[in-house]
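The structure under discussion appears below in the form of structure tokens.
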Amino acid sequence: MVERQVAAKPEDSPTAGEKAPTEEAGAAGHGAEPRGKRTESGEATYLIAIAEALWEEMERDDRVFLLGEDIGVYGGAFKVTEGFIERFGPERVMDTPIAEETIVGTAVGAAMEGMRPVAEFQYADFMTSGFDELVTVTGKYHYRSGVPLPVVFRGPSGGGVRASNFHSNNPEPFFAHTPGLKVICPAFPTDAKGLLKAAIRDDNPVVYLEHKWIYRRIREQVPTDPDFLTPIGKADVKRDGDDVTLVAYGAMVLKALDAAQELEEAGISVEVVDLRTVWPLDTEAILASVAKTSRAAVLYESHKAFGIGAEVSAIIAEDGFDLLDAPIVRLAPPNVPVPFSPTLEDAYIPQVENIVDAITRLAKW
Amino acid sequence: MATPVTMPQLGETVVEGTITKWLKKVGETVERDEPLFEISTDKVDTEVPSPLEGTLVEIKVPEGETVGVGTELAMIDGGGDGQAAAKGATAPAPSVAEEPEAAVAVEESPPAEAPAEPEAEVPPEAAEAAPGSAQSRREGARMDREWAVQESPPPTPVEAPPAKGPRSQILSPLVRRLAEEHRIDLSQVAGTGTGGRITKKDVLAFAEAKAPGAPTPVEAVPPAAPPAAAPPPARPAVAPAAPARPAVSGREEAISLSRMRQTIARHMVESIQTSARAWNLVEVNMENVAQTRAAAKDAFKEREGVSLTFMPFLARAVCDALLAFPEVNSELRDDQLILKHYVNLGIAVALDDGLIVPVVNGADTMNIIGLARAINEVATRARTKKLHPDDVHGSTFTITNPGPFGSVISVPIINQPNCAILAFDAVEKRPVVIDDAIAIRHMVYLSMSWDHRIIDGATAAKFLGRLKLNLESWDFGPEVGLPARG
């Protein structure tokens, strides 16, 4: 893990110290309360880490600008860009109509002209409204023209916040399946910050999927070095273990770690591999871990079939067949839309008890 | 009482095999299922385990010799219990079938499933619990899918044969690999996994237990590591897998080698390490052949159904030269030179994913038509993957043919156990001096790699000279439907 240090920041920066809000946002968190700031001890939430990444990159490079629905005066649906318009002005913090295809098209056009736009979607679910521009134009543009396309599309994805099936989706498989796009799904504030900064400095189009369930849930010491970057395409072993490899990304990493803790008490040692970047996929890290444990499970929140877990499983089977002492296990929601009922949503998303149960069986296979 | 060990049948179409190495010497003792010798059928290289326990009292077939299936290879004295031992020895096939290499390499063999453990070996208790091993395998597999968790049976002390649970036949890829690396007979390993399945830990524990004095895998133990400082058992077998995977970055790409590629790589390195390779080249005026071919080829194609290429002309000329210089058509076996007064011609065929060398048997008995048909047939079967293991075995001399790809001069590697390999490069029109005049002629460079252990430069040059003379002077016309030259 990176060394964390805290430095004093200007008062208007999102990194400036303030007492932490004690409770996370209610319901979907949509506009519920201020973004908050780092605690006096320097810990930041995932939400704050993302805001800091944007702020620092805008300070560093004036080609970086933001566009999206209600990101300016209102400060964004989840308050990621609260205070940005006052600092950077409406030309660099642009409110747009509710028209995602236009947002993508505008961002891509600006990137073609040498700007480095960061487009926000209120919910990652609505990225598909700009799908044609993302898939047909964005992913292919560099291949067609040889011109770099430094643009970031970011937005909150994922469920667990009782927001029903238009506000809880995990669209990363669509974009991981689209050549030409990088896809990032961080789980921790530090990774969220380092990867967003790396994405903004990357010359390729990047789809950066935040997880709204994590936004205000956890805090950690997050680096304040303005050049702190996390490499895109590198997984991170978040917990060492010997018996089973559990590959996850996004919010599922947090559940995997909770499950690993319980399993440790039951005598099963689980290695948690946080992909951090879904594409490019760090196959080397996955295989190195499976070489150690000989058993692999993949935990993910997008639909089980034809998803990230299918790809990870296939890579393990293709390149690590003779490392395996047991069949690969996929833990993921069924192929139905995210349910609204809290009971059903909890049954839909893999929970710690489901993970403990499945890993126990895998370890005993 | 001594019991014979016979050449096993390694697939329906294999009729013979070459003993490449005896792993035991006369007088040494051998365990049942311990590797006894290595055989090669060209596509299939494998170790053959001993069918019984005892003392090796006689080796009847020395290394390097090729014999038919069923031939007696050696005698093993099984001690007092001669009858029981003989029973095992008469049926070596099942134990050979357990070798994954054999199963993979032979075309029609079944997919690598659980090993064909003879049902009779299932202890009575296990047989009662799940009658029929196939049935119990299915049960086991079904149970896996349903994720039924059973309490593991208490670990059985490692004393053969251990009791087998209903899932003892389910062997994971890792368990198979570790068993191969450590040369472990899995029927001797007690499974402590659910339903008696043998797990990685069981294999490593077994390997650890038998480690003193037992043969250890070559790859798994770094030579420098002192045995006393050996890390816990989980490490040595698994750890090498990770470093073996090359780290790639940026614009590099790592591709796992196909089985064919691995085989080619092994054979090529072995060849280089075996032969004292030397090389000669002659330039041949192919005008004679080119004109005959040009005049005959259309009618030939219509009549015979195969194209008339340069290859059968060359093969015809080569066969004659080989019979004239049999040292070039020979094989070095230990300290003996085996001269072959017949020609089985290996023809190197390029495939999308590699190379294979099918053999035209009795090439010296064929005329151009016969050679054209035979070469076309083996090449077609090679490209459509319809070769049988015995189609790639027994060549006495090999021709490789990079000419169609534009190569002008080649330095091939000898196809063991041949003495020499000839490269047939591109036939091109070139200006040449003929009778102090410059003329344009179809020319080719014929180059040959040869084994300096067997022949010397003079023999190689004389052989190539004979080949050149044949190609430049023979009247091939009558063999391809043209009138004889006056």
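So the sequences go chain by chain: A and B. Just so you know, the first sequence maps onto residues 1 to 365 in this note's numbering. Just so you know, the second sequence maps onto residues 1001 to 1486 in this note's numbering. Cβ coordinates follow ideal geometry from the N, Cα and C atoms, glycine included.
- With a cut-off of 8 Å on Cβ pairs, the region 151 to 165 of chain A is in contact with the region 211 to 229 of chain A, counting three or more such pairs.
- Secondary structure at His1182 (chain B): coil, using DSSP grouped into helix, strand and coil.
- Identification of residues in the region 1169 to 1201 of chain B having a C-beta nearer than 8 Å to some C-beta of chain A yields Ser1172, Pro1173, Leu1174, Val1175, Arg1176, Arg1177, Gly1193, Thr1194, Arg1197, Thr1199 and Lys1200, given in sequence order.
- Under the criterion of beta carbons closer than 8 Å, Arg63 (chain A) and Arg116 (chain A) qualify as touching, at roughly 5 Å.
- Annotation for Phe84 (chain A): the continuous alpha helix (DSSP H) segment containing it runs Phe84 to Phe88.
- DSSP, reduced to helix, strand and coil, places Ser269 (chain A) outside both helices and strands of the structure shown, so it counts as coil.
- Cβ atoms of Thr1400 (chain B) and Pro1412 (chain B) come within 8 Å of each other, at about 5 Å.
- The beta carbon of Lys364 (chain A) falls within 8 Å of a beta carbon belonging to chain B, placing the residue at that interface.
- Annotation for Met127 (chain A): no alpha helix (DSSP H) segment contains it, and DSSP assigns it neither H nor E.
- Residue pairing by DSSP places Thr45 (chain A) opposite A:Arg219 in a beta bridge.
- The three-state secondary structure of Ile1434 (chain B), taken from DSSP, is strand.
- At least one CB of chain A lies nearer than 8 Å to the CB of Ser1256 (chain B).
- Taking 8 Å as the cut-off between beta carbons, the residues of the region 275 to 306 of chain A near chain B are Glu284, Leu287, Ala288, Ala291, Lys292 and Ser294, in sequence order.
- DSSP, reduced to helix, strand and coil, places Gln1336 (chain B) within a strand of the structure shown.
- Where Ala1209 (chain B) is concerned, the enclosing alpha helix (DSSP H) starts and stops at Lys1200 to Lys1210.
- At a Cβ-Cβ threshold of 8 Å, Leu66 (chain A) and Leu54 (chain A) count as neighbours.
- In terms of Cβ geometry, Asp243 (chain A) and Thr190 (chain A) do not form a close pair [threshold 8 Å].
- DSSP, read as helix, strand or coil, puts Glu1283 (chain B) in strand.
- Under the three-state reduction of DSSP, Pro156 (chain A) is assigned to strand.
- Excluding residues up to 5 positions away in sequence, Leu1339, Lys1340 and His1341 lie with their Cβ nearer than 8 Å to the Cβ of Pro1326 (chain B) in the same chain.
- Residue contact check for Leu323 (chain A) against chain B: a CB pair falls below 8 Å.
- From the listed residues A:Glu57, A:Ala77, A:Leu134 and A:Val222, the smallest Cα separation to Arg201 (chain A) is found for A:Glu57.
- Rounded to whole angstroms, Arg1177 (chain B) and Ala326 (chain A) show a C-alpha spacing of 13 Å.
- At a C-beta separation below 9 Å, Asp203 (chain A) has no neighbours in chain B, since its nearest C-beta there lies roughly 15 Å away.
- Residue pairing by DSSP leaves Trp1474 (chain B) without any beta bridge partner.
- Between the alpha carbons of Val152 (chain A) and Val247 (chain A) lies a gap of roughly 25 Å.
- Assigned with DSSP and collapsed to three states, Tyr143 (chain A) falls in helix.
- Proximity of Ala314 (chain A) to chain B, defined by a Cβ-Cβ separation below 8 Å, is not satisfied.
- Residue pairing for Phe1397 (chain B): DSSP places it in a beta bridge opposite B:Leu1345.
- According to the DSSP secondary-structure assignment, Asp1033 (chain B) is paired through a beta bridge with no residue.
- Residues Val1343, Ala1363 and Asp1364 of the same chain have their beta carbon placed closer than 6 Å to that of Cys1319 (chain B), with the five preceding and five following residues left out of the count.
- Here Thr224 (chain A) carries a coil assignment [DSSP, helix/strand/coil].
- Under the Cβ distance rule, Ala326 (chain A) counts among the residues neighbouring chain B, one pair being separated by less than 8 Å.
- The beta carbon of Asp319 (chain A) falls within 8 Å of a beta carbon belonging to chain B, placing the residue at that interface.
- When only Cα atoms are considered, Lys182 (chain A) and Val1306 (chain B) end up about 53 Å apart.
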